[in-house]
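Student: Numbering-wise, my numbering puts 472 at position 447 of the sequence shown, and it's gapless, one number per residue.
Take this structure first; my questions come after.
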Amino acid sequence: MADAYDYDLFTIGAGSGGVRASRVAAGHGARVAVAEEYRVGGTCVIRGCVPKKMLVYGAHFAEDLVDAEAFGWTIENKRFDWRALRDSVQGDVTRLEGLYGETLASHNVTVFHERATITGPHEVTLASGRRLTARFILVATGARPHVPDFPGNEHVITSNEAFHLEAVPRRILIAGGGYIANEFAGIFNAFGAKVTIANRSETILRGYDEGVRDRLLQISMAKGITFLFMAELEWVTKQDDGTLLVKLTGQEPAAYDAVMVATGRVPNTEGLGLETVGVELGPRGEIVVDAYSKTSIDHIYAVGDVTDRVQLTPVAIREGQAFADSVFGPGAPYAVDHSCVPSAVFSHPPIAAVGLTEGEARNKLGSIRVYQADFRPMKNVLAGRNERSLYKMIVDAATDRIVGLHMIGPEAPEILQAAAIAVKAGLTKADFDATIAIHPTMAEELVLFK
Ligand code: NDP
26 MADAYDYDLF TIGAGSGGVR ASRVAAGHGA RVAVAEEYRV GGTCVIRGCV PKKMLVYGAH
86 FAEDLVDAEA FGWTIENKRF DWRALRDSVQ GDVTRLEGLY GETLASHNVT VFHERATITG
146 PHEVTLASGR RLTARFILVA TGARPHVPDF PGNEHVITSN EAFHLEAVPR RILIAGGGYI
206 ANEFAGIFNA FGAKVTIANR SETILRGYDE GVRDRLLQIS MAKGITFLFM AELEWVTKQD
266 DGTLLVKLTG QEPAAYDAVM VATGRVPNTE GLGLETVGVE LGPRGEIVVD AYSKTSIDHI
326 YAVGDVTDRV QLTPVAIREG QAFADSVFGP GAPYAVDHSC VPSAVFSHPP IAAVGLTEGE
386 ARNKLGSIRV YQADFRPMKN VLAGRNERSL YKMIVDAATD RIVGLHMIGP EAPEILQAAA
446 IAVKAGLTKA DFDATIAIHP TMAEELVLFK
């Protein structure tokens with residue numbers, strides 16, 4: 026039956042979800058091909074999590090080099106070279122892209138470096154005109170930055186372009202108050218830019234715990250980042266000197282050297298031929314799937330950001346793995362558990378969280394206990410850096426079970442990844458209390474909550 030088709034699986038999109046699904050399916054003995062019109066690796070590797078984290082590391086040195094003096098170091102002639110960092114980051118991205126390609130090749134996955142469109146129930150057509158058939162089709166085309174509609178939006182950049190700038194802008198306006206806005210605000214601020222964040226609502230990082238969000242806001246403002254709320258882009262014009270004049274709602278026009286929009290990401294579903302085979306789309310253009318990532322068409326599946334479930338790389342990878350195991354593996358089909366997903370914002374300092382916020386827990390459970398540690402990390406004390414960390418633990422009063430952990434402070438994502446196992450496993454506050462602290466650490470606060 027399988028031989029009636031050119032392939033058992035044709036994957037469109039070689040990002041995190043598509044690569045994992047293709048590799049695992051091939052490991053289960055499937056004949057697999059993947060089409061990628063841009064670079065193998067997808068958003069995370071090429072223009073997302075990975076290069077962003079490298080810039081975050083680079084940015085941290087700005088404060089570390091200042092703090093080093095309190096620890097006895099004298100560093101003369103400090104100088105930051107954006108192009109040197111940018112190029113070494115891009116060099117590593119190319120290395121990783123090569124590794125992803127090698128992984129596919131070593132699993133005998135055929136890679137077509139061109140766009141593929143679905144042209145029949147089991148048929149895809151490549152940009153070159155070549156037609157191929159497959160028993161299953163997986164759509165893993167990800168998402169792209171949403172650019173709001175306003176006059177002059179052709180002058181703005183998104184995170185895609187931020188990695189390739191010729192220079193750090195002297196003044197940058199970042200529209201949006203989510204992950205990307207706060208992460209890049211920290212990066213550009215550390216590299217000497219005057220950063221302004223403008224969000225349409227009256228908050229940043231909606232969805233994160235209020236206490237933690239407020240702490241990031243306070244610290245970011247102390248670092249010199251300006252925040253404008255209820256401020257949406259109305260228009261942007263390019264002036265004769267190359268700078269951008271920007272009008273935000275409720276604000277006088279002001280000049281910036283660059284404007285970056287970070288106002289969410291939209292699923293890449295246009296022009297894929299999904300309508301020709303009747304794949305159902307949701308209101309944001311996302312592909313509607315069931316718990317097993319199956320679309321409204323029995324042999325067409327979709328994983329990752331294109332389904333707009335949880336727009337996080339590790340989730341896309343899990344979805345790709347579950348799809349490949351379920352459809353091509355020997356065991357019973359299984360679904361990804363999308364509950365209790367830990368997440369982090371690589372702001373300065375970073376935020377990390379798992380489970381319910383205090384507000385969500387109150388609404389859902391009624392009676393909760395909230396524990397809080399508000400402290401200045403030892404390193405900050407000696408450095409004279411007046412930046413306090415905040416850890417919050419949310420406990421279900423009826424069962425003593427921990428239902429949420431929320432942290433802002435140095436290395437919060439590294440610490441939370443381990444603690445998230447305990448929360449996912451349903452451990453109680455008493456279990457944390459029974460654990461001896463490692464002293465002196467920041468993480469010990471997790472087992473010392475009173
Ligand atoms: P987010 O969803 O995090 O934030 C979007 C921001 O833009 C919000 O502040 C929102 O305002 C605002 N906004 C939304 N729509 C509009 C609009 N039409 N006009 C004006 N403003 C708007 O999106 P990002 O772009 O920052 O990131 C995209 C996704 O990528 C994230 O959701 C996340 O899943 C992923 N990501 C994850 C990272 C990580 O794990 N560390 C890092 C970077 C990205 P408000 O909500 O206040 O109304």
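All C-beta atoms in this analysis are idealised placements derived from N, C-alpha and C, irrespective of residue type, glycine included.
Predicted model only: the values in this text are computed from it and were never measured.
(1) Taking 7 Å as the limit between beta carbons, can you name the residues of its chain near Ala279, skipping five residues before and five after?
(2) For Gln243, does the three-state DSSP call read helix, strand or coil?
(3) I believe Val59 touches Ala39 by the beta-carbon criterion, under 8 Å. Please report the beta-carbon distance rounded to the nearest angstrom.
(4) Just reading off the beta strand (DSSP E) that Ser414 is part of, what are its end residues?
(5) Quick check on DSSP: helix, strand or coil for Asp28?
(6) Pair every Cβ in the segment 226–246 with every Cβ in the segment 405–420, then say whether three or more of these pairs are closer than 8 Å.
(7) Any idea what DSSP makes of Asp399, helix, strand or coil?
(8) By how many angstroms is the C-alpha of Met432 removed from the C-alpha of Lys389?
(9) On the criterion of 16 or more Cβ atoms from any shown chain inside 10 Å, does Met26 qualify as buried, or is it exposed?
(10) If you reduce the DSSP assignment to three classes, tell me which class Phe105 lands in.
(11) Just to confirm, does Ala130 get its C-beta within under 8 Å of one of the non-hydrogen atoms of the ligand NDP?
(12) What number of angstroms, rounded off, separates the C-alpha of Ile322 from the C-alpha of Gln336?
(13) Tell whether a beta-carbon distance below 9 Å holds between Ser318 and Phe348.
(14) Using DSSP bridges, identify the partner residues of Ile376.
(15) Report the CB separation of Pro358 from Pro438 in whole angstroms; it is logged as a contact under 8 Å.
(16) Closer than 8 Å by C-beta to His483: which residues in its own chain qualify, once you throw out the five before and the five after it? Chain order, please.
(17) Determine contact between the segment 64–82 and the segment 95–103, defined as no fewer than three beta-carbon pairs at a distance below 8 Å.
(18) Do Ile182 and Leu190 count as a contact pair if the criterion is CB distance below 9 Å?
(19) Do Arg394 and Asn405 count as a contact pair if the criterion is CB distance below 9 Å?
(20) Unbroken alpha helix (DSSP H) runs of length 4 or more, entirely within the segment 438–464: which are they?
(21) Which residues have their C-beta within less than 5 Å of a heavy atom of the ligand NDP, listed in chain order?
(22) So what's Glu259 in DSSP terms, helix, strand or just coil?
(23) Quick one: Cα of Lys152 to Cα of Gly126, how far?
(24) Quick check: Val136 and Ile37, are their CB atoms within less than 9 Å of each other?
(25) What's the C-alpha gap between Gly217 and His180?
(26) Threshold first: 4 residues or longer. Then list the alpha helix (DSSP H) segments lying entirely within the segment 256–322, N to C.
(27) Based on the DSSP secondary-structure assignment, which residues constitute the bridge partners of Ala60?
(28) In the DSSP assignment, find the alpha helix (DSSP H) that holds Phe209 and state where it starts and stops.
(29) Does Leu157 come out as helix, strand or coil in the three-state DSSP assignment?
(30) Measure the alpha-carbon distance for His363 versus Met285 and round it to whole angstroms.
(31) Going straight from the alpha carbon of Asp92 to that of Leu110, what length do you get?
(32) Considering Tyr326, what are the terminal residues of the beta strand (DSSP E) in which it resides?
(33) Leaving aside the five residues before and after Ile461 along the sequence, list all residues of the same chain whose C-beta is less than 8 Å from its C-beta, in chain order.
(34) Taking the continuous alpha helix (DSSP H) assigned at Ile71, which residues delimit it?
Tutor: Reading it off the structure:
(1) Val271
(2) helix
(3) 5 Å
(4) 414–421
(5) helix
(6) yes
(7) strand
(8) 21 Å
(9) Because Met26 carries a pLDDT of 48, less than 50, the predicted location of this residue cannot be relied on, and no value is offered for it.
(10) coil
(11) no
(12) 23 Å
(13) yes
(14) Val370, Ile433
(15) In fact, because the Cβ distance is near 32 Å, the residues do not count as touching under 8 Å.
(16) The question about residue 483 has no answer, for the chain in this structure spans 26 to 475.
(17) no
(18) yes
(19) no
(20) 454–458
(21) Pro173, Gly201, Gly202, Gly203, Tyr204, Ile205, Asn224, Arg225, Ser226, Arg231, Ala287, Thr288, Gly289, Arg290, Gln336
(22) strand
(23) The identity of residue 152 in the sequence shown is Ala, whereas the question assumes Lys. Taking the straight line joining both Cα atoms gives about 20 Å.
(24) no
(25) 22 Å
(26) 299–302
(27) Ile37, Phe137
(28) 204–215
(29) strand
(30) 31 Å
(31) 21 Å
(32) 325–327
(33) Val472
(34) 67–72
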